[in-house]
Amino acid sequence: MRILSLSYVVITFIISVSLASCGWRTVRGNGEIVTTNRNERDFKSVKTGGSFDVYLTQGDNYEIKITGDENLLQYVETRVENGVLRIRHRKGVNLRPTEDMKVYITAPRFAEVSLAGSGKIVAETNLTSDSKIKFSIAGSGDILMKDVNAPQVAVNIAGSGKAEATGATRDIDIDVAGSGDVIMKNLKAENAKVVIAGSGNVWLYASMKLDVRVAGGGDIHYYGSPTDIKSKLAGSGNLIKEE
Numbered sequence: 001m002r003i004l005s006l007s008y009v010v011i012t013f014i015i016s017v018s019l020a021s022c023g024w025r026t027v028r029g030n031g032e033i034v035t036t037n038r039n040e041r042d043f044k045s046v047k048t049g050g051s052f053d054v055y056l057t058q059g060d061n062y063e064i065k066i067t068g069d070e071n072l073l074q075y076v077e078t079r080v081e082n083g084v085l086r087i088r089h090r091k092g093v094n095l096r097p098t099e100d101m102k103v104y105i106t107a108p109r110f111a112e113v114s115l116a117g118s119g120k121i122v123a124e125t126n127l128t129s130d131s132k133i134k135f136s137i138a139g140s141g142d143i144l145m146k147d148v149n150a151p152q153v154a155v156n157i158a159g160s161g162k163a164e165a166t167g168a169t170r171d172i173d174i175d176v177a178g179s180g181d182v183i184m185k186n187l188k189a190e191n192a193k194v195v196i197a198g199s200g201n202v203w204l205y206a207s208m209k210l211d212v213r214v215a216g217g218g219d220i221h222y223y224g225s226p227t228d229i230k231s232k233l234a235g236s237g238n239l240i241k242e243e
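If you read the sequence shown in UniProt numbering, its first letter stands for residue 1, the second for the next number, and so on.
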């Protein structure tokens, strides 16, 4: 036990020295939870970096609210670049909040929703679009969508995150690199294309066409009765028909 405790101290010291040498400083939350408004507008996509919990609402107006420790909100950066709302921690600062920081976003449209890190993005309303909607995860975060209605849906996961959605679409394109899971069995698609490189698993629905490629141990579980099925499996992965 003494050896384990000593090892923990040494590892903690090394991490602290490493952060300090890189110019990082740690700021701890003061426990006073407040909500502030941000004024960014005219965006159609959202990209977050960090450990935020983000809640989306599709509505007529733009609104951004951030809830967290009063002394940490100044280190949360929000800006719009080429129609993309970017949310991240200020560089050089390691935030230690007393509770999860939450971001509430309302916008007329969401063309792309992207998460880099360990947080989550949750849709609190249906997401509707007359063009493609894309969901992306880099890391261990989760994207949880309600009724998605769009002609095309794309899902990309790099890491161990999870993406889940319901709704309807004509075409769905899923790409998983790593151990992430995609749960789209309640997103009714006509045509589905899936590529897995790794051990990630996919659950989906396709009524007409299904094109799958697996390199690794990932399984694809499909619902519906597509008449045109193409599969290329390299590794221990399986294509499984579900009822």
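Ideal placement from N, C-alpha and C gives every residue a C-beta, glycine not left out.
| query | Mind pulling the alpha helix (DSSP H) runs of 4 or more residues that sit fully within the region 29-70? | reply | none
| message | What residue range does the beta strand (DSSP E) around Tyr223 cover? | response | Ile220 to Tyr223
| query | Where in the region 140-177 do unbroken runs of the alpha helix (DSSP H), each at least 4 residues long, occur, reported from the N-terminal end onward? | reply | none
| task | Select from Ile174, Ala111, Ala192 and Leu73 the residue whose C-alpha is nearest the C-alpha of Ser225. | result | Ala192
| field | Nearest residue (CA-CA) to Leu127, options Ser118, Gln58 and Leu72 | value | Gln58
| said: Tell me the DSSP secondary structure of Ser21 in three-state form. | reply: For Ser21, the predicted structure reports a pLDDT of 45, less than 50, and the residue's modelled location is therefore unreliable. The matter cannot be settled from this model.
| field | For Arg109: DSSP bridge partner residues | value | In the DSSP output, where bridge partners are listed per residue, Arg109 has none listed.
| request: Just mark Asn94 as buried or exposed, buried being the case when its beta carbon has 16 or more other beta carbons within 10 Å. | output: exposed
| query | Glu99 to Leu72, Cα distance in whole Å? | reply | 11 Å
| Tell me the DSSP bridge mates of Arg90? | Arg90 pairs with nothing; no bridge assigned.
| Does the count of Cβ pairs from the region 229-242 and the region 200-220 closer than 8 Å reach three? | yes
| field | DSSP state of Leu73 mapped onto helix, strand, coil | value | helix
| query | Residues in its own chain within less than 6 Å of Tyr104 by CB, not counting five upstream and five downstream? | reply | Tyr55 and Lys65
| Backbone secondary structure at Met101 - three-state DSSP | coil
| query | What are the boundary residues of the beta strand (DSSP E) that Asp228 is part of? | reply | Asp228 to Gly235
| said: Mapping the DSSP letters down to three states, classify Asn126 as helix, strand or coil. | reply: coil
| message | For Asn201, report the span of its beta strand (DSSP E) as first-last. | response | Asn201 to Gly216
| Is Lys132 helix, strand or coil when you go by DSSP? | coil
| said: If you follow the beta strand (DSSP E) that Gly119 is in, where does it begin and where does it stop? | reply: That residue, Gly119, is in no beta strand (DSSP E); it is neither H nor E in DSSP.
| query | How about Thr131 and Ala150: do their beta carbons lie closer than 9 Å? | reply | Checking the displayed sequence, the identity of residue 131 turns out to be Ser instead of Thr. Yes.
| request: Mark Gly139 as exposed unless 16 or more other C-beta atoms lie within 10 angstroms of its C-beta, in which case mark it buried. | output: buried
| said: By DSSP's criteria, Lys241 is part of a beta bridge. Which residues make up the other side? | reply: Tyr222
| request: Could you tell me the distance, in whole angstroms, from the CA atom of Ala163 to the CA atom of Ile174? | output: 10 Å
| task | Check Gly83 in the structure and name its three-state DSSP category. | result | coil
| Whole-angstrom distance between Glu124 and Val212, CA atom to CA atom | 31 Å
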